[in-house]
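A.B. asks: Chains as they are written, first to last, in the numbering used here: chain A, 628 to 762; chain B, 19 to 427; chain C, -13 to 502; chain D, 3 to 260; chain E, 1241 to 1485. Quick one: the structure is below, and I'll ask about it shortly.
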Ligand code: HEM
Ligand code: HEM
Ligand code: SF4
Ligand code: SF4
Ligand code: SF4
Ligand code: SF4
Ligand code: SF4
Ligand code: SF4
């Protein structure tokens, strides 16, 4: 249950995420609150059909910036309980199926990878990811 | 002209609700099966990347073409002005709607993402036969409902003929369209042929009529309404005619495959080497769905016995499902002709190594879903005849045939 | 064809919903009751001073007494479902005869005086004061409702216009504007015991005459007793049954059935009337007073069961209200429902195979059946819902070879009223009665044309009287309406009666299996 | 909700466990290329000025090699789909997604053996696109045939229509995804010509790179419209054909040596 | 607290009080008025359970209306069913946490909204086109339809055209439970929507919308058809009897 009084603009941004250090989302926060689904849907069609990979409204971009990290700098899936997307979406009962397909952590996002590399405790890449799996 | 009186189906509440309860539970079980598949994914079914349409599609396609065929009787009555068939028009329309709904529901619930139904309704690719079929189906529903309205509402009576003619063409387009779903699949030997469309049309006549007759006889018997011998004879010989036509088309189909397209492989596979599919063809499609009903319907004594007629209808339905199994599943199981003149030794993707057919075994959930669709159709019919006036009060000879004297002789 | 100084509607092969013609029936009013007819019922003899206030007060009182009135006046959403359901609207095209139009005559006054919206914004919600014009409208149109409840079948909230016209009549009575026909008749019941004012000795005479006729006819002496103390069954039947055609043929039939059943029965001169006109004027008190007479007769004659003869609204009051108005009936035989309908009685015997019929005796008729509205929509027969439709039909099928129903939309609970119910069976409303009968007669006409029907059976004294009078306006014969028990009477084979031929036995066998 | 989080958690643990000791150097090549200074993500829509295509020289395709298949699996995360508990092994094998496969053929007359890697042929007139009811199957202006999995309803009509059996239906839940290749249950998918690479300016595919890395060089990828591309050079150099040429689909993938 | 938030907060407090007190008042009035006689429209169920079933069919399927007029039924039913779905969807603004069932049903509410408006338009058309219905229609009937259409259209515009800040909105309403006025997003559509809704709540107990509770009290529908078996006497009628004895 949400502590009612505290919920102002920007208050869903999770501490520890990149966003937490920044003052502005890709659009004004008021706009993002109302229209983020429009932006990403628009971006989606541009990307899938036109091959445009501008990152401004990309879902991968959202994840990369808004994802939170645990104490070992490991990303916490953005749709996990209480995390950025989930917090609002549970509050407003909007189910998202995006993360059935999309990575909820920035696994192979280059910027994120670079950052993990800097911390030295990152899983490093796709090959590492694959090993534990069996076909 | 004497008017035909229609009355709501008024069997005892106990029996009626019992019937509804049975149908609803079958529907519910089918629904649960669909939910389970949706939640788990299709791995729990027998379907694979080689056999992608299977048992649910057998039921769905069968129901859809039967729907179109069920409307046949209404058309004969209004468009061709055969008075004797007029009283059957309303039930014929209702069944058409009900069967179509049942079939579509199965089709939709078998989608990988049934939750995106709205996408299907808002995004159309007009080059796709399938998308056209969505229009054909919804159009069909609307048309038949309009048609029913013209039959039931006196203000609409005068539009009955034009709407009926339109509905008839639409219906033919619908079956042709359904047939073309397969007919345009150049990829597969079994399908790519123009004869599939007319064959589907004639099949639809037979299956629709068989189901119609079963429903008619059941509802009339339960409530003690009379069906005269004349109409019974006409309908059953009509059924016989359609069944014979199916057999004829089956023959032509295989001949075109052999002579026209030179697909010896496919033909000999279905006729001889196809294992279960060969059995479905000879035993189900030809014997049970063709020769046996023909034997009954043109038999000098059996043809007069209602129980035998009902049995013949049942056989036609069974045969129809078998035909669908052969057409839909069999043709996918048979390997794709990717490399003519070569034998596949190995493949990372079941390409028919050594010419082997893909295997498929239906899962219970698929069958439950299909049967659920049938139950939906029957449920709609049962509710329809109860709340609205679909069934003529009597089909006794003197009512149906205007030349016979009225009751008060 | 009977002469009329108004236009008799033309019968159509199909039912049409006519376009509105406002005001076509505003002139129709029954005679107003004078002092002499008002007083015995406890109503003022003429319009009282300050009637507007008094009427509103009365309305308030009724709103507190009848949940139906309160809920119905609030709930209507003007959906229009009922608008084409009233036979008076269909026959007269007057929008005030649409059920909701009729209700609105009262609703506008209700809204003005009893709702916030009506007090604040009368125009907006169509509210109005109770003016002289409104009172005139009330008198006119609340006497164009036969209280048949057809509208309530189709209303999503079951709003029953009959309840509203009853309340309106009660309000009007209370301010001295009563209707002569009903109030005079109620007065007669109080004074003499029945609507027609037939005194006891006259009844006795008639019944003796009947016994002779039946004996002449059949060679069996069937009894038609009256005021016999200690009989098992008290038969309460509408007084028309004592002499008028075709009613009396029904009474003959009841007697034959009782005879065959071997039970003792009696009529009562104190309660020689089944009909209860208190219902029509919406007066609980008067209805109760009339009903009490039956209790008194039952106690006095020491009977064990009460059976009602063929009458529609009488059966409504008997079935639905008698227990409330004159109960409890703990002194009667608890094995039987109180009261029973004669059809239930006959049907039970048929089911048990205790009656034998020669159906061919009714072969000169092809029958259809008119479901009387009060039986169809306000009461029941037998144990199961809908028995009121099945039981009479079962009796007809058991006694006749040729039977066809009219169109489905015009029978069973959707039946059309004969046009004469609800206290309108008076000659001063002839135009209304003829026009209001149109839908029913139209449906009848269609089965006549298509199925060769010759006669229509009914189980209501008002229907029978109304049709006898009205059929000729439509070019039909008055004797095309028959009593249901007339058919029973024709076909029944009395024990000891000379039978015509050997087939009879076989026929009777067939019948009992069919009815079972 | 909980199930899913648990699953994700275990996934992450495995992911971390496998990580230790692996150096940054083994990062998949494509990943690095994204960020390389020359390649910028595309900011304008693709046009028909290019048409991507491929030549596969079956003569060079080695027996026993599966590098291209493995590379594709890895590039697109096809391995992140664990076999559901209780699934029948053989059937599951046929229910799993395969974007590229090797088919070993024997000529009925000569007995010659050929290895044919099969993938989506990126047809110019793709039957899969024609039949798709929602338009989810589509051909990009640059000739890449894709499934827009946001509008795919999983009807599988495209699979019925594809003459090359190039498509797979996702029969079960996908446990993990890569950011560059989202995929999930209930949709149909097939080879994308590694479109994420193309859009980031990296003109390569994982399979071609892998084949080259193995030293076989059986796969050449490139622009069919560019007369100077390696692809066109290779096409000119060698007789080549399309599989099922009779259907006149004008495939983007050509084969030499069959 | 901004003026706007304060105004809407007071408006909704008022509306809720009027709605609830008004409905309680009416319900008591209906419940206390006795039904002295048995007047179910027959054929009627002979048992209590049967009556519950009959009522359920009336409420869920509008059975009588179906018998009466198919067009009104179709539009009326579409409207009410749409309204029902919309109501379920709207619960997400007022409940925290949102029950799983509501979360599941919630997306269908959008289609419910469209259905609702469609149904209303159909109903309105008949008020204009059918002479009988035009005759019985008063200004208030039109206004009621107008009100509901406007609520629906403003809502749909928020869903499709100009989105609003749902989180802040929900905060506003949740805050009202504990008498705390949180800022309400000041999008014009939302303000219109909410104002009209408050108006609807206020007139509900004073208008024909009483058909909703009225339906359950209608004696011709809710009575058991058993007068012969069970004596039914209203208190005031009973007093009449006592007086006589
Ligand atoms: C138990 C719940 C309810 C039932 C069973 C019910 C039933 C009905 C029925 C049968 C009608 C007549 C058919 C029609 O015109 O659509 C009707 C009309 C109407 N109902 Fe309801 N209703 C219910 C609740 C509501 C509620 C909560 C509202 C308002 C928010 C509402 C608003 C209306 C309106 C405005 C009309 C009149 C339509 C017109 O003017 O044409 N109803 N209702
Ligand atoms: C205090 C009560 C209400 C609040 C706070 C409220 C709020 C809202 C909001 C925020 C939306 C936009 C939904 C979105 O953008 O996804 C909406 C839509 C809508 N509202 Fe309301 N509303 C209320 C009452 C009502 C009532 C009583 C009705 C009907 C009589 C109604 C009918 C609609 C409709 C039809 C829609 C469009 C469909 C939808 O998105 O659900 N609202 N409402
Ligand atoms: S009760 Fe009968 S007469 Fe009266 S308004 Fe209703 S339908 Fe008409
Ligand atoms: S059917 Fe009922 S609610 Fe509709 S207008 Fe008539 S009385 Fe009013
Ligand atoms: S990587 Fe090259 S050689 Fe190896 S299988 Fe693939 S195409 Fe053949
Ligand atoms: S190979 Fe198949 S999937 Fe690929 S484009 Fe051609 S038809 Fe479509
Ligand atoms: S499965 Fe998806 S991509 Fe294939 S035809 Fe159906 S909707 Fe189109
Ligand atoms: S091009 Fe990319 S997606 Fe296609 S098969 Fe090769 S690696 Fe897989």
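All C-beta atoms in this analysis are idealised placements derived from N, C-alpha and C, irrespective of residue type, glycine included.
Distance cutoff 8 Å, beta carbons only. Does residue -7 of chain C sit that close to anything in chain E?
C.D. replies: No, residue -7 of chain C lies away from the interface with chain E (no Cβ there is under 8 Å from its Cβ).
A.B. asks: State the Cα-Cα distance for the pair residue 102 of chain C and residue 86 of chain C, rounded to the nearest angstrom.
C.D. replies: Cα-Cα distance, rounded: 21 Å.
A.B. asks: Quick one: residues in its chain with C-beta nearer than 7 Å to the C-beta of residue 255 of chain C, no 5 flanking neighbours on either side, listed in chain order?
C.D. replies: Correct list, in chain order: 179, 186, 189, 212, 213.
A.B. asks: Locate the alpha helix (DSSP H) running through residue 166 of chain C, then write down its first and last residues.
C.D. replies: Here the alpha helix (DSSP H) through residue 166 of chain C covers 166 to 177.
A.B. asks: Report all residues from its chain with a CB closer than 6 Å to the CB of residue 294 of chain D; omit the five preceding and five following residues, and keep chain order.
C.D. replies: Nothing about residue 294 of chain D can be read from this structure; chain D reaches only from 3 to 260.
A.B. asks: Would you say the beta carbon of residue 148 of chain C comes nearer than 7 Å to a heavy atom of ligand 3?
C.D. replies: Flag set: Cβ of residue 148 of chain C near ligand 3.
A.B. asks: So what does DSSP say about residue 171 of chain D, is it helix, strand or coil?
C.D. replies: Of the three classes helix, strand and coil, the one that applies to residue 171 of chain D here is strand, per DSSP.
A.B. asks: How many angstroms separate the CA atom of residue 34 of chain B from the CA atom of residue 403 of chain B?
C.D. replies: Whole-angstrom Cα-Cα distance: 11 Å.
A.B. asks: Would you report the Cα separation of residue 236 of chain B and residue 1353 of chain E, rounded to the nearest angstrom?
C.D. replies: Computed Cα separation, rounded: 41 Å.
A.B. asks: Determine, using beta carbons only, whether residue 1426 of chain E and residue 1244 of chain E come nearer to each other than 8 Å.
C.D. replies: Yes. Within cutoff.
A.B. asks: For chain B, check one thing: does any of its Cβ atoms lie closer than 8 Å to the Cβ of residue 257 of chain D?
C.D. replies: Chain B contact via Cβ: absent.
A.B. asks: Going by beta carbon distance, what residues of the same chain come within less than 7 Å of residue 262 of chain B, once the five residues before and after it are set aside?
C.D. replies: Excluding positions up to five away in sequence, the list reads 312.
A.B. asks: Please tell me whether residue 719 of chain A has its Cβ less than 8 Å away from any Cβ of chain E.
C.D. replies: Interface residue, yes.
A.B. asks: Report the residue from E:1360, E:1356, E:1334 whose alpha carbon sits nearest the alpha carbon of residue 1326 of chain E.
C.D. replies: Nearest option by C-alpha distance: E:1356.
A.B. asks: Could you compute how far the alpha carbon of residue 242 of chain D sits from the alpha carbon of residue 108 of chain D?
C.D. replies: Each residue's Cα considered, the two are about 18 Å apart.
A.B. asks: For the 8 Å Cβ check, are there 3 or more pairs between the segment 93 to 104 of chain D and the segment 164 to 179 of chain D?
C.D. replies: Yes, the segment 93 to 104 of chain D is in contact with the segment 164 to 179 of chain D.
A.B. asks: Beta carbons nearer than 8 Å to chain C: which residues of the segment 22 to 41 of chain B have them?
C.D. replies: If the cut-off is 8 Å between Cβ atoms, the segment 22 to 41 of chain B has 23, 24, 25, 26 near chain C.
A.B. asks: Please report the straight-line C-alpha distance between residue 302 of chain C and residue 272 of chain C, rounded to a whole angstrom.
C.D. replies: Cα-Cα distance, rounded: 16 Å.
A.B. asks: Could you check the C-alpha separation between residue 287 of chain C and residue 223 of chain C for me, to the nearest Å?
C.D. replies: Approximately 16 Å, taken between the alpha carbons.
A.B. asks: For residue 663 of chain A, go through chain D and note every residue whose CB falls closer than 8 Å to its CB, in chain order.
C.D. replies: None at all; the shortest Cβ gap to chain D is about 16 Å.
A.B. asks: Check the Cβ-Cβ distances between residue 287 of chain B and every residue of chain H, and say whether any is below 8 Å.
C.D. replies: Within the model displayed, chain H is absent; protein chains A, B, C, D and E are what it includes.
A.B. asks: I need the boundaries of the alpha helix (DSSP H) containing residue 317 of chain B, first residue and last residue.
C.D. replies: Neither: residue 317 of chain B is in no alpha helix (DSSP H) and is coded neither H nor E.
A.B. asks: Candidates E:1333, E:1468, E:1377, E:1481: which alpha carbon is nearest residue 321 of chain C's?
C.D. replies: Among E:1333, E:1468, E:1377, E:1481, the Cα nearest to that of residue 321 of chain C belongs to E:1468.
A.B. asks: So what's residue 32 of chain D in DSSP terms, helix, strand or just coil?
C.D. replies: Residue placement at residue 32 of chain D is poorly supported in this model, since its pLDDT is 35, which falls under 50; the coordinates are not used for a value here.
A.B. asks: Runs of 4 residues minimum, wholly inside the segment 128 to 152 of chain D: which ones carry the alpha helix (DSSP H) assignment?
C.D. replies: Correct list: 129 to 133.
A.B. asks: Quick check on residue 1264 of chain E: buried or exposed, where buried means 16 or more other Cβ atoms within 10 Å of its Cβ?
C.D. replies: With fewer than 16 Cβ atoms within 10 Å of its Cβ, residue 1264 of chain E is classed as exposed.
A.B. asks: Listed from N- to C-terminal order along the chain, which residues in the segment 172 to 203 of chain B have their beta-carbon within a distance smaller than 7 Å of any beta-carbon of chain C?
C.D. replies: Under the 7 Å Cβ criterion, the segment 172 to 203 of chain B contributes 172.
A.B. asks: How should residue 22 of chain D be labelled, buried or exposed, when 16 other C-beta atoms within 10 angstroms of its C-beta is the threshold for buried?
C.D. replies: Residue confidence is low: residue 22 of chain D scores 27 on pLDDT, short of 50, so the model does not pin down where it sits. Its coordinate-derived value is still stated next. Residue 22 of chain D comes out exposed.
A.B. asks: For residue 120 of chain D, does the count of other Cβ atoms within 10 angstroms reach 16, so buried, or fall short, so exposed?
C.D. replies: Counting Cβ neighbours within 10 Å, residue 120 of chain D comes out buried, since at least 16 surround it.
A.B. asks: Is the CB-CB distance between residue 1308 of chain E and residue 67 of chain C below 8 Å?
C.D. replies: Cβ distance < 8 Å, so residue 1308 of chain E and residue 67 of chain C count as in contact.
A.B. asks: Looking only at C-alpha atoms, which of A:712, A:664, A:656 sits nearest to residue 763 of chain A?
C.D. replies: This structure cannot settle anything about residue 763 of chain A, because the visible part of chain A is limited to 628 through 762.
A.B. asks: Could you name the residues of chain C that residue 1405 of chain E contacts, counting a contact when the two beta carbons are closer than 9 Å?
C.D. replies: Within chain C, no residue comes near residue 1405 of chain E; the closest Cβ sits about 36 Å away, beyond 9 Å.
A.B. asks: So is residue 51 of chain D buried or exposed if we call it buried at 16+ other beta carbons inside 10 Å?
C.D. replies: Exposed: under 16 other Cβ atoms inside 10 Å.
A.B. asks: In three-state DSSP terms, what is residue 295 of chain B?
C.D. replies: DSSP places residue 295 of chain B in helix when its eight states are reduced to three.
A.B. asks: Measure from the C-beta of residue 134 of chain D to each C-beta in chain B and report whether the shortest distance is under 8 Å.
C.D. replies: Interface residue, yes.
A.B. asks: Using only alpha-carbon positions, find the residue among C:416, C:431, C:466 that is nearest to residue 129 of chain C.
C.D. replies: With distances taken between Cα atoms, residue 129 of chain C lies closest to C:416.
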